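In the working numbering, the protein residues as written are 1346 to 1437.
See below:
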C-alpha cells in the first residue's frame, strides 16, 4: 500500500483542492518522521499499520498547524508508536 494525495484527503475528510500542496507536504513530513525513527519508508510495499500511522500523522498535522494542539500529542504518539513498533529497525 502507498499513501497518495487522494488517500490522505479521504482520511482527513478534505473534499476540496485548495489544500492539496499542504497535504502533499504533510505526507512527506510524516514519512520523513517515520523514516527518522527507523521505519523503512523506501520499501516497495508498506504494511497497512505503517500506512495508518502516516495517515494519523497527516490528519494530526493538518488539524493542528500551530505549535500547540487541543488533543494531547502523547496520545497520537502512542498510537503511531504502537503501529510502527514491529517495523522499526533496531540499531545496535
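Using N, Cα and C, we set each Cβ at its ideal position, and we do this for glycine too. All values reported here derive from a predicted model rather than from experimental measurement.
Contact between residue 1356 and residue 1394 fails: their C-beta atoms lie close to 14 Å from each other, not under 8 Å.
The residues 1390, 1391, 1392, 1393, 1396, in chain order, have a CB closer than 8 Å to that of residue 1346 in the same chain once the five nearest residues on each side in sequence are set aside. Residue 1352 and residue 1409 have their C-alpha atoms some 19 Å from each other. DSSP places residue 1372 inside the alpha helix (DSSP H), whose first and last residues are 1365–1381. The criterion of a C-beta distance shorter than 7 Å is not satisfied by residue 1406 and residue 1428. With a cutoff of 7 Å on beta-carbon distance, residue 1348 and residue 1425 are scored as not near each other. In the structure shown, the three-state DSSP call for residue 1433 is strand.
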